[in-house]
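I have placed the structure first, in the form of structure tokens, so that the comments after it can refer back to it.
There are 2 protein chains.
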Amino acid sequence: MTADKNSTTGDKISDKLRSVSALHVARQAGVSRSAVSRAFTPGASVATETREKIMRAAEELGYQVNDLARGLLANQSRLVGLVVTKPEVGFRAHLAAALTKALIHRGNVPVMINTGQTEQELISAQKTLLGHRAEATIILSGSPPSSFFELARRNGQPLVVIGRSEPEADHIQTDGGAAAKLAAAMFVARGMTKLGLAGSLSGTPTITEREDAFRAEAARLGAEVVIARGRDTDYAGGLQAGRALIDGQSRPQAIFCVNDLIAFGVMDHARQAGLDIPSDLCVVGFDDVPEAGWLAYRLTTFRQDPETMAARAVALLDLRQREPDLAPIRQRLSVPLVVRGSFVPHHAGRFPDSSS
Amino acid sequence: MTADKNSTTGDKISDKLRSVSALHVARQAGVSRSAVSRAFTPGASVATETREKIMRAAEELGYQVNDLARGLLANQSRLVGLVVTKPEVGFRAHLAAALTKALIHRGNVPVMINTGQTEQELISAQKTLLGHRAEATIILSGSPPSSFFELARRNGQPLVVIGRSEPEADHIQTDGGAAAKLAAAMFVARGMTKLGLAGSLSGTPTITEREDAFRAEAARLGAEVVIARGRDTDYAGGLQAGRALIDGQSRPQAIFCVNDLIAFGVMDHARQAGLDIPSDLCVVGFDDVPEAGWLAYRLTTFRQDPETMAARAVALLDLRQREPDLAPIRQRLSVPLVVRGSFVPHHAGRFPDSSS
DNA sequence: TGCTGCAATGCACAGCTGTGCAAGCGCTTG
DNA sequence: CAAGCGCTTGCACAGCTGTGCATTGCAGCA
Chain A
96 MTADKNSTTG DKISDKLRSV SALHVARQAG VSRSAVSRAF TPGASVATET
146 REKIMRAAEE LGYQVNDLAR GLLANQSRLV GLVVTKPEVG FRAHLAAALT
196 KALIHRGNVP VMINTGQTEQ ELISAQKTLL GHRAEATIIL SGSPPSSFFE
246 LARRNGQPLV VIGRSEPEAD HIQTDGGAAA KLAAAMFVAR GMTKLGLAGS
296 LSGTPTITER EDAFRAEAAR LGAEVVIARG RDTDYAGGLQ AGRALIDGQS
346 RPQAIFCVND LIAFGVMDHA RQAGLDIPSD LCVVGFDDVP EAGWLAYRLT
396 TFRQDPETMA ARAVALLDLR QREPDLAPIR QRLSVPLVVR GSFVPHHAGR
446 FPDSSS
Chain B
96 MTADKNSTTG DKISDKLRSV SALHVARQAG VSRSAVSRAF TPGASVATET
146 REKIMRAAEE LGYQVNDLAR GLLANQSRLV GLVVTKPEVG FRAHLAAALT
196 KALIHRGNVP VMINTGQTEQ ELISAQKTLL GHRAEATIIL SGSPPSSFFE
246 LARRNGQPLV VIGRSEPEAD HIQTDGGAAA KLAAAMFVAR GMTKLGLAGS
296 LSGTPTITER EDAFRAEAAR LGAEVVIARG RDTDYAGGLQ AGRALIDGQS
346 RPQAIFCVND LIAFGVMDHA RQAGLDIPSD LCVVGFDDVP EAGWLAYRLT
396 TFRQDPETMA ARAVALLDLR QREPDLAPIR QRLSVPLVVR GSFVPHHAGR
446 FPDSSS
């Protein structure tokens, strides 16, 4: 029996499979529940002996502070939402991983909402996150409607949009336009006048920005540009674009691909068609995913650094927590060129941040 | 003023940045707070007119049911933890994505704990998840100590381990041993007697199982096996293993790689050394990540289907929820061979589930 | 010895929701 | 017309924690 002064009911800890609460620990340690709470609160006033007694009891019972109750009281749950489509593909996988790591390091709990791009799906994701009182939401893909931002604002939930310009919220984007422009300039500087652009029909703002900038700069420099777009911004799309660009009668001398995955598809199709890269065809990509460094590709590409982007996003969270009422902040990251075998610019040293 | 009967204090909704609660909605709609709760509870008894009135008020205020409080009361938070190391790499990325999708479809909220393999890190991850009263934890990588399972059990939290045999918890694994055995048999059936095994020094049980099974079967069939291991189970490791296997004086005729990523590294090194695949060297991998289908590789490999594994994991959660006291369940998935260009077995039709 | 001050501890409330229980109300039926 | 019944709705409690406030006990000091 081990008769403690169990008052009325609820003596059994595993009663109805409820988990261990502070009350159980308090009874076990022979102190009040407040003491337990204080023992787990850094800087609270507890006698060392009491704290040790409590900690021992907690250890024995396997007690863990209930973050739901704690979050309910403090109105913050440590949860941070990541809204992302196809988080397994290409650069997004690396960005998502870097973000989860950075968030955990910050003491947050990353919630990964893997969802479609539909307005309906995005709003449903937001409802889930608001319901769980997530401290912030980071959007990696998709273009939420205006009501999305409105709802987040009303509930005081900070928002960070990555990879896209978004005047209504804090956002981080890479300077894809500048990169695409540089690609065109580099091609022309090497004396090429027939250029190809491998894009996609996805219509993502990020992708469109790169396409437009490349076309504009090429036109400005008097080069001819053939455009082909795959269905998605992935390897299969690259194969499609590659077919359209290479099998035609007027093959370009160099192709800028809006994406590394697209580039791999283009390169594979080109080689299947018997072309050598870079002597018959130059290719430049965007992202610098690890596969770009593989011997099969050795792709010259613009580097987006997932760790840097994640660090910026987290810093934005910190800032927004301190200053909730600031106007939307915009960060634009430069994308250094990584020169590998698929294209070597004229004076590699002249281009910013180029590395081997 | 729009004088409602605001009793004492706390009229302002955005007071102290607290989000909208059911009480606010109740006031706005002129009903009791219970009515609001019922309006958001499917199947509760509310008049249609009242429900509409409440919903309108909720819409206006941007109200969202507080899942923290709801979870506190019901002692379940809808959260499910995914514990994974390097979730951006290879098959794990696809598995993690499939799991998040399946969990969301089930109405859960996936929490992605991206952490190292250390016992310390795993336990810290568990504390986080227990603290947030996650309904279950799914472990994709790492070998937690016994205390991990003990703690989960005491807190009534179901555990699913994927990819590894784990007698203390429910687990799902693919039959890597059978696959490796089949690989050896297929090589010998094609008359090859000098075989290579590209493994890794990671020491993961999954990887070790494949290595051991391949060696055992090859030995049983009287074939010679050279083993090389890269540092990690990734592309770089494949390059290392490839160098060791191919640059030596006694080059194998076929290589079984414990991983597709390893296989890509091996293939790339082989081609750089001037070998043709499959005429000079046959290669078989494991996982069937999308890159295996790329034209640059066309890798014959054993397929692990992330969607199937995710579906099984979710089914296991359902079952465990209904029957908490069952003994640990073990599921073993077969891995069909996907035949592509890097190796064609003697009678492709004879092997189970082989497809193009 | 007696007083002051500080550390430690318990009480009670707030934070938000779901739900059992009882009461109110309108409608149907004999 | 009266009784009874079923649908609604409000009250109050439970679930777990953090913390302000008051109280207690002890040590230090005059």
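Residue numbers (the numbering used here), protein chains in the order written: chain A, 96 to 451; chain B, 96 to 451. Just so it is clear, CB atoms sit at the ideal spot from N, CA and C, and this is done for glycine as well.
Worksheet item: Residues bridged to B:Val179 by DSSP?
Response: BP columns for B:Val179 point to B:Asn209.
Item to complete: Report the rounded CA-to-CA distance for A:Ala152 versus B:Ser219, giving the unit in angstroms.
Response: When the Cα atoms are used, A:Ala152 and B:Ser219 turn out to be separated by approximately 19 Å.
Discussion item. Within 8 Å of any Cβ in chain B, is that where the Cβ of A:His525 sits?
Written reply: The requested residue 525 of chain A does not occur in the structure, where chain A is confined to residues 96 to 451.
Discussion item. Using 8 Å as the threshold, is the C-beta distance between B:Glu263 and B:Pro401 below it?
Written reply: No, the Cβ-Cβ distance between B:Glu263 and B:Pro401 is not below 8 Å.
Fill in: Amino acids of chain B, ordered along the chain, whose beta-carbon sits closer than 8 Å to that of A:Pro373
Per Cβ cutoff of 8 Å: no residues; A:Pro373 is ~16 Å from chain B at best.
Discussion item. So if DSSP puts A:Gln426 in a beta bridge, which residue, or which two residues, is it bridged to?
Written reply: Under DSSP, the beta-bridge partners assigned to A:Gln426 are A:Ile267.
Item to complete: Check the Cβ-Cβ distances between B:Arg113 and every residue of chain A, and say whether any is below 8 Å.
Response: Chain A places a beta carbon closer than 8 Å to that of B:Arg113, counting this residue as a contact.
Worksheet entry | Proximity below 8 Å, CB of B:Asp355 to CB of B:Asp327 | In terms of Cβ geometry, B:Asp355 and B:Asp327 do not form a close pair [threshold 8 Å].
Worksheet item: A:Pro205 touches chain B at which residues, Cβ-Cβ below 9 Å?
Response: Within chain B, the residues placing a beta-carbon under 9 Å from that of A:Pro205 are Val206, Met207, Ile208, Asn209, ordered along the chain.
Fill in: Backbone CA spacing between B:Met287 and B:Ala318 [nearest angstrom]
The straight-line gap from Cα to Cα measures roughly 8 Å.
Practice prompt. Classify B:Val361 as helix, strand or coil using the three-state DSSP reduction.
Written response: Here B:Val361 carries a helix assignment [DSSP, helix/strand/coil].
Discussion item. Within 8 Å, do at least three Cβ pairs link the region 330-348 of chain B to the region 358-369 of chain B?
Written reply: Verdict: yes, contact present.
Worksheet entry | Residues that B:Lys276 bridges to, as DSSP identifies them | DSSP lists no bridge partner for B:Lys276.
Worksheet item: Do A:Gly176 and A:Val206 have their CB atoms nearer than 8 Å?
Response: For A:Gly176 and A:Val206, yes; Cβs fall inside 8 Å.
Worksheet item: Should B:Arg482 be labelled buried (16 or more other beta-carbon atoms within 10 Å of its own) or exposed?
Response: Outside the displayed span of chain B (96 to 451) sits residue 482 of chain B, for which this structure offers no information.
Worksheet item: Between B:Glu183 and A:Ala188, what straight-line distance do the alpha-carbon atoms span, to the nearest angstrom?
Response: Taking the straight line from one Cα to the other gives about 5 Å.
Worksheet item: Any contact of the region 271-285 of chain B with the region 335-345 of chain B, i.e. 3+ C-beta pairs under 8 Å?
Response: Output reads no: the region 335-345 of chain B does not touch the region 271-285 of chain B.
Worksheet item: Quick one: does A:Asn354 have its CB under 8 Å from some CB of chain B?
Response: Taking Cβ atoms only, chain B never reaches closer than 8 Å to A:Asn354, which makes this a no.
Discussion item. Measuring straight from C-alpha to C-alpha, what distance separates B:Ile234 and A:His266?
Written reply: Within the model, the alpha-carbon separation for B:Ile234 versus A:His266 is close to 33 Å.
Discussion item. Below 8 Å on C-beta distance, what does B:Phe438 contact in chain A?
Written reply: Proximity of chain A to B:Phe438 at the Cβ level (cut-off 8 Å) is not reached, the minimal Cβ distance being about 18 Å.
Worksheet item: How about A:Val409 and A:Arg201: do their beta carbons lie closer than 8 Å?
Response: Taking 8 Å as the cut-off, the beta carbon of A:Val409 is found closer than this to the beta carbon of A:Arg201.
Practice prompt. With DSSP as the reference, label A:Ser295 as helix, strand or coil.
Written response: Of the three classes helix, strand and coil, the one that applies to A:Ser295 here is strand, per DSSP.
Worksheet item: Which first and last residues belong to the beta strand (DSSP E) in which B:Gly380 is found?
Response: For B:Gly380, the enclosing beta strand (DSSP E) stretches over residues 377-382.
Discussion item. Tell me which residues share the same chain as B:Glu304 and place their Cβ nearer than 6 Å to its Cβ, disregarding the 5 neighbours each side in the sequence.
Written reply: Gly271, Gly272, listed in sequence order.
Worksheet item: So, is B:Asp162 buried or exposed, given that buried needs 16 or more other C-beta atoms within 10 angstroms?
Response: Burial is judged here by how many other beta carbons sit within 10 angstroms of a residue's own beta carbon; B:Asp162 has at least 16 and is buried.
Practice prompt. Quick one: grab the DSSP three-state call for B:Glu214.
Written response: Helix at B:Glu214.
Discussion item. Here's the rule I'm using: 16 or more other beta-carbon atoms within 10 Å means buried, otherwise exposed. How should B:Gln416 be labelled?
Written reply: Exposed, by the Cβ-count rule.
Fill in: Where A:Arg228 falls: helix, strand or coil (DSSP)
Residue state, collapsed to three classes: coil.
Worksheet entry | Segments assigned beta strand (DSSP E), at least 3 residues, entirely inside the region 126-202 of chain A | As far as the region 126-202 of chain A is concerned, its whole beta strand (DSSP E) runs of at least 3 residues are 174-179.
Fill in: Nonlocal neighbours in the same chain, by C-beta distance under 7 Å from B:Ser114, ignoring five residues either side
Cβ contact annotation for B:Ser114 (same chain, cutoff 7 Å, sequence separation greater than five): none.
Discussion item. Going by beta-carbon coordinates alone, are B:Gly380 and B:Leu394 separated by less than 8 Å?
Written reply: Contact: yes.
Fill in: Proximal residues to B:Ser236 (C-beta, below 6 Å), its chain only, five neighbours per side dropped
Excluding sequence positions up to five before and after B:Ser236, its CB lies within less than 6 Å of the CB of Val179, Thr180, all in the same chain and listed in chain order.
Worksheet entry | Selection from A:Val204, A:Leu156, A:Ala130, A:Glu155 that minimises the alpha carbon distance to A:Glu144 | Nearest neighbour of A:Glu144 by Cα position, chosen from A:Val204, A:Leu156, A:Ala130, A:Glu155, turns out to be A:Ala130.
Worksheet item: Leaving out five residues before and five after A:Arg146 in sequence, what residues of the same chain have Cβ atoms less than 7 Å from its Cβ?
Response: Answer for A:Arg146: Ala134, listed in chain order.
Worksheet entry | Exposure of A:Gly166, with buried meaning 16 or more beta-carbon neighbours within 10 Å | Taking all protein chains in view, the Cβ of A:Gly166 is crowded by 16 or more other Cβ atoms within 10 Å, so the residue is classified as buried.
Worksheet item: Which residues mark the beginning and the end of the alpha helix (DSSP H) in which A:Leu411 is found?
Response: Per DSSP, A:Leu411 belongs to the alpha helix (DSSP H) from 401-417.
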